[in-house]
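According to the working numbering, the sequence shown holds residues 93 to 186 in order. The beta carbon of each residue, even a glycine, is placed where N, CA and C say it ideally should be. Because the structure is a prediction, the values reported are computed rather than measured.
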Amino acid sequence: MERIGIRELRQHASRYLSLVKAGETVEVTERGELIALLTPPRPGQSERERLIAEGRLVPAAGPTGRARSGRAVPIAAGEPSNTELLDAEREDRL
Numbered sequence: 093m094e095r096i097g098i099r100e101l102r103q104h105a106s107r108y109l110s111l112v113k114a115g116e117t118v119e120v121t122e123r124g125e126l127i128a129l130l131t132p133p134r135p136g137q138s139e140r141e142r143l144i145a146e147g148r149l150v151p152a153a154g155p156t157g158r159a160r161s162g163r164a165v166p167i168a169a170g171e172p173s174n175t176e177l178l179d180a181e182r183e184d185r186l
């Protein structure tokens, strides 16, 4: 693993990107403080999967990516409909 400063990276970016492409990790520092890691992507792992593995993204609990059916949800007996709730809300404002 190489450790380089920002100036070195700027001046020789192609060289360090070639190292990353070959599987190496390059640490980038600013005044001696680590500010970035240049790492190759993991094979077969999407950006989403990587973020989940790092704990930076929490996937949705339910099914995703599906269009809604467009069917109305049945209202429980004795409960007001959405229309009735909206009408009542509007009456309160007048």
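Return the bridge partner residues of residue i from the DSSP annotation.
i: residue 95; result: 119
i: residue 128; result: 120
To the nearest angstrom, report how far apart residue i and residue j are at their CA atoms.
i: residue 184; j: residue 175; result: 14 Å
i: residue 122; j: residue 143; result: 25 Å
Nearest to residue i by alpha carbon, out of the options?
i: residue 95; options: 105, 106, 118; result: 118
Just to confirm my understanding: we take residue i, look at its own chain, exclude 5 residues before and 5 after, and list those with CB closer than 6 Å. What are they?
i: residue 115; result: 132
Would you call the region 124 to 132 and the region 100 to 113 in contact, with 3 or more CB pairs under 8 Å? Taking a contact to require three or more Cβ pairs closer than 8 Å, the region 124 to 132 and the region 100 to 113 qualify as touching.
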